[in-house]
Amino acid sequence: MSQDYISSLLDESLQPKLKIQLQTLPDAPGVYQYFDKEGHILYVGKAKSLKWRVLSYFRQDKILSAKIKLLVKKIHTIRYTVMGNEMEALLLENNLIKEFQPKYNSLLKDDKTYPWVCITKEEFPKIFVTRKMIKDGSSYYGPFPSGKTLKDIMDLLRSVFRYRNCSLKLNREDIAKGKFKSCISYQLKLCNAPCEGLESMEGYQKTFADIRKVFDGDFSEIIDNLKKEMFAYAKRLEFEKADEIKKRIFLLEQHKSRSMIVGIHVADVDVFGVHSDEKALYLNMLRVKNGSIIQSFSTHIQRKLEETDAELLAFSVYELHERFKSTARKIIVPFPVDLPESYIKQSIPTKGDEKKLLELSQKNAFFYTKERQKQQSLIDPEKNNLRLLETIQKDLNLNSLPIQIECFDNSNIQGNYPVAAMVCFKNGKPAKREYRHFIIRSVVGPNDFASMEEVVYRRYKRLLEEQKPLPQLIVIDGGKGQLSSAVKSLKKLGLYPKIAIIGIAKRLEEIFYPEDNIPLLLDKRSPTLKVIQQLRDEAHRFGITHHRKKRSKETFYSELSHIDGIGTKTTQDLLLKYSSVRNIKNLSLAELSDAIGKHRAEKVYEYFHREDPFEY
């Protein structure tokens, strides 16, 4: 490929020194590093071809995300290392990321240090739980995200095997000299007292060989050996010892049955289930040995440069394999990941035991996602609100975050007492001070479309005149007709399409857009739909409340207020004293005169006792 052709692909605004470097990149596997002007490392990446991978960041014909554009602006120097193959590039990339932790590289996030089980490197090993790993030759198993799982395993080991839990530094020479004495653990049959030479070093180390097999999920050989031992004791008529071993076998088999979920033909594999959102990839790793799940671990990895799920999973597979010192040569994943073929075999199952394992891991990843989101909402409600707004923006394809949403609803009975209501949500929550009622002025009779056109026009004409903030989204309770009427008003005011507007139809909860005949159907569990439904229901409640008050008030006062010469004050006095119009009708002229005076009492009495009901 000619340098002139490569030069034509590059962005013309690049500095000359960087352009020359990009034109001379080798077409070989390796690792590249980006640095800023101050020499700080920005990003580390691996590539099958350094030339084409690095060039992809700087091509003028390629559409880049906002985050990658920001990274590219900061790049001042590029360094690279050519490697023999992809596997070597993967190893170097991982080491460089760990060492320098570049700003734009994704890193696995752990909320805390999980506990491990440590088996010390001694002639007479100890076993204990720790949160610190010390490179002293000891063996570590874990980490264990579940405290209950760790407790169950430690209880099992204590019940089945006899080992010391003291802090003595045992060695054969000191034991032979009789420097140590047994403790209460020997009396409780929790330890065979190697400190007094009652158990040989070989026998003690065989116990720990079996303990290691438990952590590896290999129960078969332990159980077989214990059964042989049990039968040997029974043959010698040592039934107490045989019964003791029988109890150990039962505990091991019980633990094995709880952890065994697939056939033993599913050997050593690691299973990766994922769930994701715009900010992060949440994943669960199941470690399976001999058909048993020996470990489950969930974590998350944040997106830095809008990486795909496959890119983040590829990084995580290698990182977790190294962290857990996994010996599995096969992984089960929901989709292909870009890893060197020589590194590990991939399986994307569609049926059978492997499919069941993947579904279980996916379920764990899903629940971990929900748990993280709930925790985050409790810690930082504002961040949770932002996530909700971003979800609404994405689901409805809006140009900006819907920080302020307003919803309109009409209310009338056969055209009588027409009113409308507008409710306002800010940051996904009701802002009740912003709620407004409208009495329809220009519309006669039942006409929802004209009523909607009137109130939308009045609302936003006033906001423009008062120079108050406009909403980013308007929701209309109704279908295409009401939506079109609202759009007419926005067009008159020059606000369409500056403000996004949608309608929601009640029957199927369809979302309508202006000038689009095909509605949007959101998932019933969608947070976006729930917010829109909440807006619609709140507008309906607010409108109905106002409508009832207006109707009640007009009905309550109608007969009295229509009497010539009877004003609001007189009406209020009568109603306060006699409670209802019915009671007032039944009053005598004398009683009315005592309440409001003779002149007004005659008018009220004549009104209710007239012969012609249409006289007034």
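In our numbering, the protein residues as written are -17 to 598. From the three backbone atoms N, C-alpha and C, an ideal C-beta is built for every residue, glycine too.
Candidates the options, of which the one nearest residue i by Cα
| i | options | result |
| --- | --- | --- |
| D391 | Q355, D156, A521 | A521 |
| E68 | R369, S324, K(-1), Y215 | S324 |
| K474 | P496, Y442, N499 | Y442 |
| L150 | L446, I227, A175, R144 | A175 |
| D118 | P107, P125, S343 | P107 |
| L294 | Y560, I275, N266, K103 | N266 |
| Q662 | S278, K286, I578, E372 | For the chain, the structure presents residues -17 to 598; residue 662 sits outside this window and is missing. |
| S88 | M115, S280, D291, K51 | D291 |
| S393 | L517, I2, I421 | I421 |
| F317 | T189, L172, G255 | G255 |
| V513 | E448, F590, T373 | T373 |
| L152 | Q169, D137, E181 | E181 |
| L268 | D259, D250, E260 | D250 |
| E105 | D576, R489, F126, Q187 | Q187 |
| A482 | M212, L170, S466, I2 | S466 |
| W98 | A214, K133, K286, F40 | K133 |
| Q83 | R154, K286, L321 | K286 |
| S308 | P322, K271, P331, L368 | K271 |
Cross-strand partners of residue i (DSSP beta bridge)
| i | result |
| --- | --- |
| V404 | Per the sequence presented here, residue 404 reads as Met, with Val not at that position. Answer by DSSP bridge pairing, in chain order: F390, R418. |
| Y62 | Y14 |
| N26 | The question names Asn, but residue 26 is Val in the sequence shown. In the DSSP output, where bridge partners are listed per residue, V26 has Q15. |
| P9 | A small correction: the amino acid at residue 9 is Asp; Pro does not occupy that position in the sequence shown. None, per the DSSP bridge assignment. |
| P(-2) | DSSP output for P(-2) lists no bridge partner at all. |
| S329 | I314 |
| F110 | C100 |
| K411 | K408 |
| R305 | For R305, which the question treats as bridged, DSSP gives no partner whatsoever. |
| S280 | N266 |
| L502 | I493 |
| I275 | V270 |
Residue i, enclosing alpha helix (DSSP H) - first and last residue
| i | result |
| --- | --- |
| G185 | 183 to 197 |
| S575 | 571 to 578 |
| F431 | 430 to 447 |
| Y478 | Unbroken run through Y478: none, as it is neither H nor E. |
| Y560 | 550 to 560 |
| I116 | Counting along the chain, I116 falls outside any alpha helix (DSSP H), and DSSP gives it neither H nor E. |
| E178 | Here E178 belongs to no alpha helix (DSSP H), and DSSP marks it neither H nor E. |
| E75 | 68 to 82 |
| N565 | 563 to 567 |
| F213 | 202 to 217 |
| L52 | 48 to 56 |
Cβ-Cβ distance between residue i and residue j below 7 Å
| i | j | result |
| --- | --- | --- |
| F348 | H282 | no |
| F17 | T59 | yes |
| L0 | L32 | no |
| F197 | Y264 | no |
| Q454 | S382 | yes |
| Y300 | N76 | yes |
| K470 | E435 | yes |
| L208 | I227 | yes |
| L233 | S167 | no |
| G27 | A71 | no |
| D459 | R518 | yes |
| I314 | E288 | no |
| T189 | D377 | no |
| K585 | G549 | no |
| C173 | R144 | yes |
| F590 | K567 | yes |
| R61 | Q15 | yes |
| V425 | Y417 | no |
| C389 | V457 | yes |
| S121 | I101 | yes |
| A487 | G525 | no |
| I205 | K195 | no |
| L340 | V253 | yes |
| G185 | I157 | no |
| G410 | L370 | yes |
| T552 | R582 | yes |
| F407 | I387 | yes |
Residue interval of the beta strand (DSSP E) (run including residue i)
| i | result |
| --- | --- |
| Q169 | From DSSP, Q169 is part of no beta strand (DSSP E) but of the alpha helix (DSSP H) over 166 to 169. |
| R269 | 262 to 271 |
| A487 | 482 to 487 |
| S684 | Only positions -17 to 598 of the chain appear in this structure, which leaves residue 684 out of reach. |
| I456 | 455 to 459 |
| I493 | 492 to 494 |
| D252 | 251 to 258 |
| S121 | 121 to 123 |
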